[in-house]
Every structure is written in C-alpha cells, then in structure tokens.
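Colleague:
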Amino acid sequence: KQEVTQIPAALSVPEGENLVLNCSFTDSAIYNLQWFRQDPGKGLTSLLLIQSSQREQTSGRLNASLDKSSGRSTLYIAASQPGDSATYLCAVGTGGTSYGKLTFGQGTILTVHP
Amino acid sequence: EADIYQTPRYLVIGTGKKITLECSQTMGHDKMYWYQQDPGMELHLIHYSYGVNSTEKGDLSSESTVSRIRTEHFPLTLESARPSHTSQYLCASSGLADYEQYFGPGTRLTVT
C-alpha cells in the first residue's frame, strides 16, 4: 500500500526566503506526482504535475523535482511571499488498474511572515 | 482554470436526514473522484468513476453512495446522516491525457 510522507509538517519563514518542502513515497511504481496548494476551508489548487518519466517541472517561482527510484520529490519556492502562506500537499498517482487515483501526504503548513 | 463545481458549499443538517452533495464539471473529463478530509487531516479517496455507469469504492470505507449517469455529473448521497459524517467532501476530475486532477471548492458538512 502506497504511503506518502511530507516533511516538515509546518514551516514558518520570513518573506523573501527560498524554501524546500519534501515529499517521500514508499512504492516507486507511480504514474505521476502532483503538488497542490490548499487555503483554509477551500479546495485544492494544482501547482505542478510531474509525469513518472520527468525529473522536474517549473512554474514561475515554483520548481518541483522527482526522483522516482529513491521515492522522493521536493517543491522549491523561490523568494517566498506572504501570499504563499497555505498548506502544500503532495500526491502520488498509481498506475495499473488504479490509473488516476491519488494518495496524499498529510501536508506542510507554510507561513510566510512580512 | 478548472471548471468543477460543488453545491452546497456549506450544509448543517440533523441526524437521520438524507442528503445529496452535487458535483459537476464542464471539461468533459471521464474520471471523477470524491475525497473526504477531516480538519487538519489528509485527504482520503472514498469513491471514483472512470465513466458513465462506472463507480468504485475508494481506499477509505464510506457509508455514502455515488452515481454516474452523465459524464459531467457525479453526485454523492448519504441516506441517513450521522455526526460521524461531519467532514469536508472534495470532488475532483481528470482527463485521459495526463491524469492531472482538478478539484472543486468542497462541501463542508456538519451533522448535528
């Protein structure tokens, strides 16, 4: 059974810092990996999708990497801003008959203070 | 911008009531999903569908049921709500191209 762990559980940084969020998974037979952002009481916003054949994806100040063999992904946020404060979720997609199903980590609560 | 909608956004009901949470998407996606999320906890898949007339139970056991008679619509029903059903319910969909999932805003359900 796939298990996804995110470290740290919470992170508080001053505005302008570069930061890294970590995600690890136990079964390397994944189809893709998605990073999401969730604001309090809201749904999820997709940030980046990495297919299993890719090593990284970039969008603006965000860069996500994937090392499938070691079961790890990182989300790098450059020049953090108070508006980046949210919970960040990592989710891995499994293949085979479970195509498209996601297993989520517990999330990292990020606070960026001015 | 993903076009996936959930109604109602908030619902407070008494024990024993029957409720239906609505989810619809306008992207023509074949795959749709329901997740349950308790406050401060991770999301768990409770139902999914790969297309019309296809529904499967997810990883987390749930007393709810779902139906998929139209591609764009994936409602979730609780026949008799209980306080243990209090949670946030999130609907998502994905296409066949890359399986990227798009989420609706969620329904926060409170059963008193």
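The listed protein sequences derive, respectively, from chains A and H.
Okay, so the first sequence: first residue is -7 according to our numbering, each after it adds one.
Okay, so the second sequence: first residue is 0 according to our numbering, each after it adds one.
Here a beta-carbon is modelled for each residue, glycine too, at the ideal position from N, C-alpha and C.
Could you work out which residue in 45/H, 80/H, 86/H and 94/H is closest to residue 16/H when comparing CA atoms only?
Modeller: Nearest option by C-alpha distance: 80/H.
Colleague: At the level of alpha carbons, what is the spacing between residue 15/A and residue -4/A?
Modeller: 7 Å
Colleague: If you reduce the DSSP assignment to three classes, tell me which class residue 76/A lands in.
Modeller: helix
Colleague: Below 8 Å between beta carbons is the criterion; list the residues of the region 26 to 45 of chain A that meet it against any residue of chain H, in chain order.
Modeller: 26, 28, 33, 34, 35, 36, 37, 38, 41 and 43
Colleague: Check each residue of the region 19 to 47 of chain H: if its Cβ is closer than 7 Å to any Cβ of chain A, include it; give the result in chain order.
Modeller: 30, 41, 42, 44 and 47
Colleague: Can the beta-carbon of residue 56/H be found closer than 8 Å to that of residue 72/H?
Modeller: no
Colleague: Taking the alpha carbon of residue 75/A as the reference point, which residue from 59/A, 103/A and 22/A has its own alpha carbon closest?
Modeller: Of 59/A, 103/A and 22/A, the residue nearest in Cα terms is 103/A.
Colleague: Run through the DSSP bridge pairs and tell me what residue 6/A is partnered with.
Modeller: 105/A
Colleague: So what does residue 85/A bridge to, in DSSP terms?
Modeller: DSSP lists 24/A and 94/A as partners of residue 85/A.
Colleague: Compute the distance between the beta-carbons of residue 54/A and residue 46/A, then report whether it is under 8 Å.
Modeller: no
Colleague: Grab the span of the beta strand (DSSP E) containing residue 170/H for me, first residue to last.
Modeller: The requested residue 170/H is not part of the displayed model; chain H covers only 0 to 111.
Colleague: Where does residue 44/A fall in DSSP's three states?
Modeller: coil
Colleague: Can you confirm whether residue 97/H, when its beta carbon is compared against all beta carbons of chain A, has any partner nearer than 8 Å?
Modeller: yes
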